[in-house]
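> Dropping the structure in here first, questions after.
In structure tokens, the structure reads:
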């Protein structure tokens, strides 16, 4: 699963002549820690989350929602963008099956016909996007303009906008720093 997704990502980037580089690092799926290992700001990190959207009580569709690494996903906005009444995070098994990679290494591309790609507009402000490349031990730095050309995402405001950054990883008191 993960190897095939990684190979498809590389082939797509090469086919489009994309400006990218690969970054090897210790296996890590947490956005904050992976960003520190790669040496860039959280705002440049593409956090990819699989969301289950319910247009009706009996129907469900899936969205790959991508937001800046320092922001939280606004599920109500995702539901609205996808024409649903409500939305919630997909279970891990479904998310990994649709994304083609393990949790923590989901790329901001959809290679599955049942997974719609929606990207928060604020993520696209920088020149480069960083994300795990369908592997926990390897990341990709990709020019934003190439990402847009390759992924052709739907762009919307889907991140929370309260202005306060998200802290999903908090160092336990007295624990050695992972950085």
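Numbering (our numbering), first residue to last: 418 to 596.
Positions of the beta carbon are idealized from the N, C-alpha and C atoms, including for glycine.
Keep in mind that this is a model prediction, so the values were computed, not measured.
1. Ordered along the chain, which non-local residues of its own chain (more than five positions away) have a Cβ less than 6 Å from that of residue 429?
2. Residue range of the alpha helix (DSSP H) that residue 497 falls in?
3. Let me confirm a value: residue 458 is counted as buried when at least 16 other C-beta atoms fall within 10 Å, else exposed. Which label applies?
4. Enumerate in chain order the residues of its own chain whose CB-to-CB distance from residue 471 is below 6 Å, with the five nearest sequence positions on each side excluded.
5. Let me know if residue 464 comes out buried or exposed under the rule of 16 or more other beta-carbons within 10 Å of its beta-carbon.
6. Report, in whole angstroms, the separation of the C-beta atoms of residue 573 and residue 491, which I expect to be a contact under 8 Å.
7. Per DSSP, which one or two residues make a beta bridge with residue 526?
8. Let me check one thing: in DSSP terms, what residues is residue 575 bridge-paired to?
9. Start and end of the alpha helix (DSSP H) containing residue 519?
10. Look at the alpha carbon of residue 571 and the alpha carbon of residue 468, and state the distance between them as a whole number of angstroms.
Per the coordinate set shown:
1. 567.
2. Taken as a continuous stretch (DSSP letters only), the alpha helix (DSSP H) holding residue 497 covers 492-498.
3. By the 10 Å Cβ count, residue 458 comes out exposed.
4. Taken in chain order, the residues that qualify are 477, 501, 502 and 503.
5. Buried.
6. With 8 Å as the limit, residue 573 and residue 491 do not qualify as a contact, their Cβ atoms being about 10 Å apart.
7. None, per the DSSP bridge assignment.
8. Its beta-bridge partners do not exist; DSSP assigns none.
9. Counting along the chain, residue 519 falls outside any alpha helix (DSSP H), and DSSP gives it neither H nor E.
10. Cα-Cα distance, rounded: 15 Å.
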